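Note sheet for the following structure.
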Amino acid sequence: MLRGSLSVAALALLLTSLSSVQAQNVQVQFVETPGLFRRPNKTITPVTNIDVPMPRLKIKKTGLLASRLSDKHRLRWKAITDLVLAQTPTGTPLHPVLSELWRWADSSSHIIQVELIESTNIQSSSAGSFNIEQFDPTGRCHRTTLKLYISNIDVAVSGPQVARRNGFIPFAGLRKEERYAEVLGHELAHVKYVLSNAMRSHLVHELVETTNDLLLLHARTRPMSTASPEMKQRLIQRDALLREIEPQAESIEEVVWQELTASKKSRTNLIPGTRNHRR
Ligand SMILES: [Zn+2]
């Protein structure tokens, strides 16, 4: 294939050769004469391609995701994570149950969006919540949300008046971030319990999430007394499922509280920086 402009001599050679031999066998050796056919005012803009080495971009798509957090909340989330994954100088986890739950969630194939809710207008008194936003029928990647209601946690009363049936007092003796870590432990217990079992994930989505949505829709227009028998049956099933799930998370929360309480002394003795987790 010929490229560029042919010099007069080369064009003459090509035309001569074409008349006597097969075109595909013609070999033309062409050396372009600079400037021979160049138009006087035409400027040629040189195009230069430069390969710039770029660092590899790693975008985390599954596990615990902080992409919905503001800059301020990202710092808070990092402080909570550092506490959860704190280790002794020799690398022993200070909170083995809590950090194992964190790692399970973070390395799972599901999307777990973390949200820190800080507002004086929160209508519920919840300390945390875990919801399946979008159920994946294949079971591989459910879209979920884990919320910590930090304003509620900050003002939550801790004392004998809020002791659970077995005597456990949530947040007893814990400071700000330690309280968040206790609630996180409770919610991460839900995360693992629900997401590690396909049937449980399905039941939670169908009986808790869908029922709550239907309930909300109904309550907007009519009083609850007018709910259909099917809706009432759904509510009974939802509450039965929640009664099964909640004690499991509460027992884990108690273990997490014990870990956080036991590690207080070790953490105050740690040199700043060794609290940072290794990833
Ligand atoms: Zn719970």
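Everything in the sequence shown is counted per the working numbering, starting at 13 for the first residue and increasing by one. Just so it is clear, CB atoms sit at the ideal spot from N, CA and C, and this is done for glycine as well. In this text, all values refer to a predicted model and were calculated from it rather than measured experimentally.
Query: Bridge partner(s) assigned by DSSP for I2; Result: No information on residue 2 is available, as it lies outside the stretch 13 to 291 that the chain covers here.
Query: Neighbouring residues (CB closer than 6 Å to any heavy atom of ligand 1); Result: H198, H202, E258 and A261
Query: Buried or exposed by the 16-neighbour rule on C-beta atoms within 10 Å, applied to I248; Result: exposed
Query: Spatial distance of M211 from F147 (CA atoms); Result: 12 Å
Query: Contained beta strand (DSSP E) runs [length at least 3] in the region 154-215, N- to C-terminal order; Result: 155-161
Query: Other residues of its chain near S137: CB distance less than 7 Å, five sequence neighbours each side excluded; Result: N164
Query: I144 beta carbon less than 8 Å from that of G75; Result: no
Query: Where N61 falls: helix, strand or coil (DSSP); Result: coil
Query: Closest by C-alpha distance to K73, when choosing among T156, A252, K244 and L110; Result: T156
Query: Own chain, CB closer than 7 Å to T100, minus 5 neighbours either side, in chain order; Result: L106 and S278
Query: Closest by C-alpha distance to L186, when choosing among E266, V59 and R68; Result: E266
Query: Residues sharing a beta bridge with F142, DSSP; Result: L158
Query: When G140, R88 and P149 are compared against L215, the one with the closest alpha-carbon; Result: P149
Query: Cβ neighbour criterion (16 or more within 10 Å) applied to L254; Result: exposed
Query: L113, enclosing alpha helix (DSSP H) - first and last residue; Result: P108 to D118
Query: Reference D83; option with closest CA among A239, E127 and T102; Result: E127
Query: Straight-line Cα distance separating K70 from A175; Result: 45 Å
Query: Alpha-carbon spacing of A168 relative to S131, whole angstroms; Result: 14 Å
Query: N37 - DSSP class collapsed to helix/strand/coil; Result: At N37, the pLDDT of 48 sits below 50, so the modelled position is not reliable; the number obtained from the coordinates is stated separately. Helix, per DSSP.
Query: DSSP bridge partner residues for G75 (one or two, in chain order); Result: I123
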